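Engineer:
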Amino acid sequence: MLKLSYRNWNKMQLDAMIKAKDAAKAMQKNDSIGHKFNTKPSHELKDYAGTYKNPGYGSIEITMKDGGLVSKFNMIDIRLDHFHYDQFNAVILDPALQGGEPIRFTFHNDVSNSPSPLKME
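Going by my numbering, the sequence shown opens with residue 89, and the numbers climb by one from there.
1) Measure the C-alpha to C-alpha separation of leucine 133 and lysine 109 and round it to an integer number of angstroms.
2) How many Å lie between tyrosine 145 and phenylalanine 195 at the Cα?
3) Are leucine 181 and arginine 167 closer than 8 Å when you measure CB to CB?
4) Taking 8 Å as the threshold (C-beta atoms), are phenylalanine 176 and asparagine 165 in contact?
5) Nearest-angstrom Cα distance between glycine 138 and lysine 107?
6) Would you kindly check if the distance between the Cβ of alanine 111 and the Cβ of proline 190 is under 8 Å?
7) Determine the direct distance from the alpha carbon of asparagine 142 to that of isoleucine 148, and round the result to whole angstroms.
8) Identify every run of the beta strand (DSSP E) within the stretch 131-190, keeping only runs that are complete inside it and at least 3 residues long; order them along the chain.
9) Can you say whether leucine 157 is buried or exposed, counting buried as having 16 or more other CB atoms within 10 angstroms of its CB?
10) Considering only the alpha carbon of each residue, which of Met163, Tyr136 and Phe161 lies closest to glycine 155?
What follows is the structure in structure tokens.
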């Protein structure tokens, strides 16, 4: 009809997904170079629970579940795993959405030493 050459769109998307997952794994290896082992958050995990607002991302609510931090952001379920100090890796729980660039949450303390501002990278 349009006389265009055949494209295997499924293969193209699968190849792109595999490439993204491989890049994420490589990034995690590089990320471990800067990882400070045996550190702890500056507060108990329950102190990080709350609603945080970001002008670019909007609001995100972080709660405690089964002894850890979890969140739902843009309808995506996330678990926050401690990385080091007050930084947490966001682990997307839906396997179909995993494999992209990792997201790190960094909590900063306000003047009363409570975790208040949240930076998402």
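Cβ atoms here follow ideal geometry from the backbone N, Cα and C, with glycine treated the same way. The structure presented is a predicted model; accordingly, all values stated were derived computationally and were not measured.
Structural biologist: So, from the data block:
1) Each residue's Cα considered, the two are about 30 Å apart.
2) Their backbone Cα atoms lie some 15 Å apart in a straight line.
3) The answer is yes: Cβ separation under 8 Å.
4) A small fix is needed here, since residue 165 is aspartate in this sequence, not asparagine. Taking 8 Å as the cut-off, the beta carbon of aspartate 165 is found no closer than this to the beta carbon of phenylalanine 176.
5) Straight through space, the alpha carbons of lysine 107 and glycine 138 are spaced by roughly 36 Å.
6) Inclusion of proline 190 and alanine 111 in the CB contact set at 8 Å is not warranted, their separation being larger than that value.
7) The C-alpha of asparagine 142 is placed about 8 Å away from the C-alpha of isoleucine 148.
8) Secondary structure within the stretch 131-190: the beta strand (DSSP E) runs of 3 or more consecutive residues, fully enclosed, are 138-142, 146-153, 156-161, 164-172 and 175-180 (chain order).
9) Buried, by the Cβ-count rule.
10) Ranking the options by Cα distance to glycine 155, first place goes to Tyr136.
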